[in-house]
Each structure stands twice: as structure tokens, then as C-alpha cells.
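**Q** Here it is: the structure, laid out below.
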Amino acid sequence: FSLTKHLLSLEPEVFQDATQHPFLLAAAKGTLPKDVLSHWLVNDRLYIHAYIRAAGQLLSSLELPKHLPGEQAGNENEEEEEFEVRLCDWLIEALGAVRREERMFLEVGGRYELVDFVGVSSKAREVEKVKGLGVIEGLFKEVGVLRNERKEKGLSSWLLGAATAGGGDLPVSEKIPWLEGAVTFWGTEKVYLEAWSWAREQQEERPNGKEDEDGGALRKEFIPNWSSDEFREFVERLGVLIDQAVQKEIEMVGEDGNKQEEVKKQILGRVEGKWKTLLEGEKGFWPDV
């Protein structure tokens, strides 16, 4: 079972709207006005700031293994490391990547005279946000934050049952505690990747991009970066981690098909709603053109 493939099969029309938006087509054709691109870049920078805070929250919530790996633990094979360690590495890499991207915004934006980020940053509260940014910021605020009501209710029920039955496993709601956060990061990166990859496919040959409304900033600088093979590998790596962790949890109940389906049902109940909310936010992240 692949959780990421399952999520991608939900709401196909909304996913298409989020990854094949008129804004993206205009960006590909070189017809996106400078002021529209500048407004979106300012919003994307605010998205980066929310992303950074969320990564910190998720990192602080991870329970990294306390034991030292043995010499025969297969350390050289990344897939044999604890899921939490792999997620920690991915998040640290992500933080470095988004900081580089923010610096690229400043450098490219200045070179192509797109936006004065210095002037905007001092008035960040006055920036007109695209409608989807607030949705994404809301999802990021929830990343890594323990929902005390759900946690206490779930653990209390488990403790009562464990005391009565003489033991038992943790409820599925408390297993893979980082799942919702990881799906949020994977989802927003996946949409971003597919959106700009689609835009790249729509581009017409223009050697230097000087005829574009933005002077070639998107064609020469941004789109190649946001649709690169390196970025795709980075996004897919988190997807693999999520799928492997979920599959392992399903297999923990043994070969009983009914029990496996019950675990799967509970896992889907934790993330399907977030995925649908995220898609709506991503669809609204692109300005109208």
C-alpha cells in the first residue's frame, strides 16, 4: 500500500487546478506581468518563513533513537536507518534549500527589478496575501504540535484497555506521530514540483527570454530551479519514507486482512482531510491573471 499514491488519487480535479493554473501558463509563455509576479514572489517568501517555522516545530517533536547503531546495523544503507533519523535529515536539508531559495529571490528579484524585498519586509503585515497562503500557513502551524485533547483521549482509552487486558499496543492515532507533518511537507512540495514541471512543458523556445514580460526571470532562473531533477529526487525521497513507515505499521498487525484494513482506515482518517485542505490552499496560492 502506498499512502502517497492513494492521496494523489483523491480530488484529481482540484490537483489539476493547483498544478495547471492560468498563472503558471502565463509564467511559461512569458506573458506574466511584472507586478503580478512580484506580488506572488512576496507571498512565496512569506510561505518560506512559515515553512521554516513548521520545520523547526516538526524537528523539535521528533523522538530520535537513544541507542547507538551497532556495527552490523546496516548503517550504510539509508533505508535501514530509523524513520525519524531520515526525516530529521530531510528536514535539515529542506531548511538549507529554502534559505538558498530566499536568497535567490533577493538576488534575482533585484537583478530583474521585480520587487524591493527590503522595503516589503519592513511592512510584511501590510502585504496583500493571496487567498491560499492563509490556508497553508494554518496547516504549517499545526505541524509537530501535539493535539492534547486527541492525545489525552487516545492514551487514556489505551491505558484503560491495557490495564484491563494486561498490556497492548499504542493506538494507531499515536503511532507515526510525525505522519501528518510529513504529509504536509510532502504535499506542498509535490504540488509545487508538478506545477512548475507542467509550466516548463508549456514553454516555447525563446533563447534569452528578453521578450518575456519579466525579462526572462522565470524562464532562465526560477522555472529551471523549481522543475529540476534534483528537486524531484528530494520530494520523492520524503514520499518513499512516508510510504515505508505506513507499510511497516500495517504489517505490524500480521497477515490478518481485516486488521490491516482497520489500521489503514485509521491512518487515512488522520491525513485525508489535511490533504484535501492543502490542495485547496495550493489552488488558491496562484494569483488570478
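Under the UniProt record's numbering, the first residue of the sequence shown carries the number 1, and numbering increases by one thereafter. We treat Cβ as the ideally placed atom computed from N, Cα and C, and that holds for glycine.
1. Where does Met252 sit, in a helix, a strand or coil, going by DSSP?
2. Is it buried or exposed, Pro287, if we count other Cβ atoms within 10 angstroms and call 16 or more buried?
3. In whole angstroms, what separates the C-alpha of Phe83 from that of Leu32?
4. From what residue to what residue does the alpha helix (DSSP H) around Tyr51 run?
5. So the alpha helix (DSSP H) Glu262 belongs to, where does it begin and stop?
6. Which value, in whole angstroms, describes the spacing of the CA atoms of Glu13 and Val85?
7. Could you name the residues of the same chain whose beta carbon sits closer than 7 Å to that of Gln16, not counting the 5 residues immediately before and after it, in chain order?
8. What does the alpha-carbon distance come out to for the pair Pro177 and Val143?
9. Which class does Lys5 belong to by DSSP, given the choice of helix, strand or coil?
10. Which same chain residues end up closer than 7 Å to residue 290 when comparing Cβ atoms and leaving out the 5 residues on each side of it in sequence?
11. Can you grab the Cα-Cα spacing for the pair Lys220 / Lys248, in whole Å?
12. Classify Gly166 as buried or exposed, calling it buried when 16 or more other Cβ atoms lie within 10 Å of its own Cβ.
13. If you count every other CB in all the chains shown that lies within 10 Å of the CB of His67, and 16 or more means buried, which is it?
14. I need the DSSP call for Ile242, collapsed to helix, strand or coil.
15. Starting from Phe89 and walking both ways along the alpha helix (DSSP H), at which residues does that stretch end?
16. Whole angstroms is fine: what's the gap from residue 300's alpha carbon to Ser61's?
17. First and last residue of the alpha helix (DSSP H) that includes Thr184?
18. Just the Cα atoms here: how many angstroms apart are Lys264 and Gly132?
19. Out of Ala182, Glu137 and Phe105, state which residue places its alpha-carbon closest to the alpha-carbon of residue 296.
20. What residue range does the alpha helix (DSSP H) around Trp226 cover?
21. Rounded to whole angstroms, what's the CA-CA distance from Leu87 to Leu238? Just pull it up for me.
22. Among Val36, Gln266, Leu268 and Val98, which one has its Cα closest to the Cα of Arg53?
23. For a test of the three-state rule: what should DSSP assign to Asp214, helix, strand or coil?
24. To the nearest angstrom, report how far apart Gly187 and Lys141 are at their CA atoms.
25. Go to Glu137, then tell me how far its alpha helix (DSSP H) extends in each direction, as first and last residue.
26. Inspect the beta-carbon positions of Ala50 and Leu95 and report whether they are closer than 9 Å.
27. Quick one, which of Leu37, Glu128, Leu10 and Leu8 has its alpha-carbon nearest Asn22's?
**A** Judging by the given coordinates:
1. The answer is coil: DSSP assigns Met252 none of H, G, I, E or B.
2. So Pro287 ends up on the buried side.
3. Between Phe83 and Leu32, the C-alpha separation is close to 42 Å.
4. Per DSSP, Tyr51 belongs to the alpha helix (DSSP H) from Lys34 to Ser61.
5. It spans Gly257 to Lys283 - the alpha helix (DSSP H) in which Glu262 sits, taken as one unbroken run.
6. Taking the straight line joining both Cα atoms gives about 35 Å.
7. Counting only Cβ-Cβ distances below 7 Å, and skipping sequence neighbours, we find nothing.
8. Taking the straight line joining both Cα atoms gives about 10 Å.
9. Judged by DSSP in its simplified three-state form, Lys5 adopts helix.
10. Nothing in the structure corresponds to residue 290, since the chain is present only between 1 and 289.
11. In this structure, the straight-line span from the alpha carbon of Lys220 to that of Lys248 is close to 43 Å.
12. Because the pLDDT of Gly166 is 47, which lies under 50, any placement of that residue in the model is unreliable, and the number read from its coordinates should be weighed accordingly. Under the 10 Å beta carbon count, Gly166 is surrounded by fewer than 16 other beta carbons and is classified as exposed.
13. Residue environment for His67: exposed (fewer than 16 other C-beta atoms within 10 angstroms of its C-beta).
14. Per DSSP, reduced to three states, the secondary structure at Ile242 is helical.
15. In the sequence as presented, Phe is not what sits at residue 89; that position holds Asp. Its alpha helix (DSSP H) spans residues Phe83 to Arg111.
16. The requested residue 300 does not occur in the structure, where the chain is confined to residues 1 to 289.
17. Leu179 to Gln202 is the extent of the alpha helix (DSSP H) around Thr184.
18. The straight-line gap from Cα to Cα measures roughly 30 Å.
19. With the chain represented from 1 up to 289, any question about residue 296 goes unanswered, as that position is not in the structure.
20. Note, Trp226: alpha helix (DSSP H), Ile223 to Trp226.
21. Approximately 8 Å between the Cα atoms of the pair.
22. Residue Val98 is the option with its Cα nearest to Arg53.
23. Coil.
24. In a straight line, the C-alpha of Gly187 is about 15 Å away from that of Lys141.
25. First-last of the alpha helix (DSSP H) with Glu137: Lys131 to Glu142.
26. Not a contact, by the Cβ cut-off of 9 Å.
27. The residue you asked about is not Asn; residue 22 is Pro in the sequence shown. Of Leu37, Glu128, Leu10 and Leu8, the residue nearest in Cα terms is Leu37.
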